[in-house]
Amino acid sequence: MIYYTALPEELIFSNLNEEAPPLKEIEVDGIQMVVQMENETEASIVRLISGDLNHYLDQRLQPGNKIQFTAKL
Amino acid sequence: MENNEQTKESTPTPDDDAKRKSVAQAIQQLGQTNVPQLESNIYCMNVIGQVEGHLVMPPQNKTTKYEHIIPQIVAAEQNKNIEGMIIILNTVGGDVEAGLAIAEMIATMSKPTVSIVLGGGHSIGVPIAVAADVSFIAETATMTIHPVRLTGLVIGVPQTFEYLEKMQDRVIRFVEQHSNIGEKNFRELMFRTGDLARDIGTNVIGKDAVTYGLIDRVGGISSALSELNRMIKERKESTQEELLQ
Numbered sequence: 000m001i002y003y004t005a006l007p008e009e010l011i012f013s014n015l016n017e018e019a020p021p022l023k024e025i026e027v028d029g030i031q032m033v034v035q036m037e038n039e040t041e042a043s044i045v046r047l048i049s050g051d052l053n054h055y056l057d058q059r060l061q062p063g064n065k066i067q068f069t070a071k072l
Numbered sequence: 000m001e002n003n004e005q006t007k008e009s010t011p012t013p014d015d016d017a018k019r020k021s022v023a024q025a026i027q028q029l030g031q032t033n034v035p036q037l038e039s040n041i042y043c044m045n046v047i048g049q050v051e052g053h054l055v056m057p058p059q060n061k062t063t064k065y066e067h068i069i070p071q072i073v074a075a076e077q078n079k080n081i082e083g084m085i086i087i088l089n090t091v092g093g094d095v096e097a098g099l100a101i102a103e104m105i106a107t108m109s110k111p112t113v114s115i116v117l118g119g120g121h122s123i124g125v126p127i128a129v130a131a132d133v134s135f136i137a138e139t140a141t142m143t144i145h146p147v148r149l150t151g152l153v154i155g156v157p158q159t160f161e162y163l164e165k166m167q168d169r170v171i172r173f174v175e176q177h178s179n180i181g182e183k184n185f186r187e188l189m190f191r192t193g194d195l196a197r198d199i200g201t202n203v204i205g206k207d208a209v210t211y212g213l214i215d216r217v218g219g220i221s222s223a224l225s226e227l228n229r230m231i232k233e234r235k236e237s238t239q240e241e242l243l244q
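Heads up: the sequence lines are chains L and F, in that order. Numbered per numbering that gives the first Met the number 0, the first sequence spans residues 0 to 72. Numbered per numbering that gives the first Met the number 0, the second sequence spans residues 0 to 244.
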């Protein structure tokens, strides 16, 4: 890996071995995405896996946005 | 019956209210409409923090991710409602592959692109900044130009140096092709000693970047946007002329 950055390496990679939160691949309204579960009913978008370009411009689907799940009755 | 519903709605219990709110939120989050609500004909793309490549960076880094940016550029190029793109840079650099990929994507867009360096556009931020059709730099913004560094296992053989030089040449060639700075001048800035405290290289500030020919103009958001709008208008007129002929 080649980095071209103004920051020193030890500053960037100081917490490299910290465990990352588990990610989950889900489908919402036919749009596949990788999310990080915040709790039982909430997840935040990490990235989209979609071939439809409009999804990437949709403000609601931007990485970091929260998705709420409602229990089906 | 209609009347009944109306009275119900006018006196909601707190519980009902909360329920409706959560339902409304769910509809907003899980709604079926996928059409983006774009009101602007300009797409704004941010490149902040580290440019992240194949390795996920530790959480204290603010990162711009390759897999977020690239599809956005493709979508902006394809979407009929978008007529131009503005790239806002405040980056410290990052992965060479990912940075050059973003730069190449911006450079090969058919729609007008304008970049503006605010705060800093260091290292791999330099090729990204010059990739746009017209580049701007804020008067106080800086760009650090220094040699590429190799991280991880380094084998002490001449090939390592050759490889590193090859990788460095990719950056230099891209910058040379997309800006007015010559290869010789850029190399000179890259290898200058005595300018940076902890590294060799140069820190160019605002107007200096324009003097060296690295960036096109000094300016803020209004000059960047008015230039972009001018290019959009020009492009529209030229396509219309083509249609008429």
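Beta carbons are placed, not taken as given, at the ideal position from N, Cα and C, and that holds for glycine.
Inter-residue Cα distance where the pair is residue i and residue j
i	j	result
ASN64(L)	LEU22(L)	15 Å
ALA223(F)	ALA100(F)	23 Å
PHE12(L)	ALA19(L)	14 Å
HIS121(F)	LEU242(F)	42 Å
GLN35(L)	SER43(L)	5 Å
THR40(L)	ASN60(F)	28 Å
PHE190(F)	ASP198(F)	9 Å
ILE30(L)	MET104(F)	25 Å
SER225(F)	ASN14(L)	43 Å
GLY159(F)	VAL153(F)	A small fix is needed here, since residue 159(F) is Thr in this sequence, not Gly. So the alpha carbons of these two residues sit roughly 7 Å apart.
GLU8(L)	VAL170(F)	20 Å
VAL55(F)	GLU236(F)	44 Å
PHE68(L)	VAL33(L)	15 Å
ALA75(F)	GLY151(F)	36 Å
GLY119(F)	ASN184(F)	20 Å
VAL91(F)	GLU240(F)	43 Å
SER39(F)	TYR2(L)	35 Å
LEU60(L)	ILE48(L)	11 Å
ASP215(F)	GLY205(F)	11 Å
ALA137(F)	VAL156(F)	42 Å
ALA5(L)	GLN49(F)	10 Å
GLY218(F)	ILE180(F)	19 Å
ILE66(L)	VAL27(L)	9 Å
THR141(F)	SER221(F)	19 Å
HIS54(L)	ALA106(F)	23 Å
Helix, strand or coil at residue i according to DSSP, with G and I counted as helix
i	result
ARG172(F)	helix
GLU37(L)	coil
TYR55(L)	helix
TYR275(F)	The question about residue 275(F) has no answer, for chain F in this structure spans 0 to 244.
MET56(F)	coil
ASN228(F)	helix
THR137(F)	Before going on, a small fix: residue 137(F) reads as Ala here, not Thr. Of the three classes helix, strand and coil, the one that applies to ALA137(F) here is coil, per DSSP.
ALA196(F)	coil
LYS61(F)	coil
GLU17(L)	coil
GLN244(F)	coil
Identity of the residue in the options nearest residue i by Cα
i	options	result
ALA208(F)	GLY155(F), ASN60(F), VAL116(F), CYS43(F)	VAL116(F)
PHE135(F)	ASN89(F), ALA74(F), GLY48(F)	ASN89(F)
THR210(F)	SER237(F), THR238(F), SER178(F), GLU236(F)	SER178(F)
ALA130(F)	PRO70(F), ASN40(F), ALA137(F), MET108(F)	MET108(F)
LEU56(L)	GLY48(F), GLY218(F), LYS79(F)	LYS79(F)
MET0(L)	HIS53(F), SER221(F), ILE41(F)	HIS53(F)
Contacting residues, own chain, Cβ-Cβ under 7 Å from residue i (five flanking each side not counted)
i	result
PRO111(F)	GLY83, ASP132, LEU227, MET230, ILE231, ARG234
PRO62(L)	ILE44, VAL45, ARG46
GLU51(F)	THR62, THR63, LYS64, TYR65, GLY93, ASP94, ALA97
GLU182(F)	ILE171, GLU175
GLN167(F)	PRO146, VAL147
THR238(F)	none
Rounded distance between the beta-carbons of residue j and residue i, thought under 8 Å
i	j	result
VAL147(F)	VAL95(F)	6 Å
GLU17(L)	PRO58(F)	7 Å
Close-in-space but distant-in-sequence residues of the same chain around residue i (CB under 6 Å, 5 per side omitted)
i	result
THR201(F)	ILE144, LEU188, ARG191, ASP194
LEU149(F)	LEU163
ALA128(F)	LEU88, SER114, VAL116, GLY120, SER134
Close-in-space but distant-in-sequence residues of the same chain around residue i (CB under 8 Å, 5 per side omitted)
i	result
MET44(F)	ILE68, GLN71, ILE72, ALA75, MET84, ILE85, ILE86, ILE87
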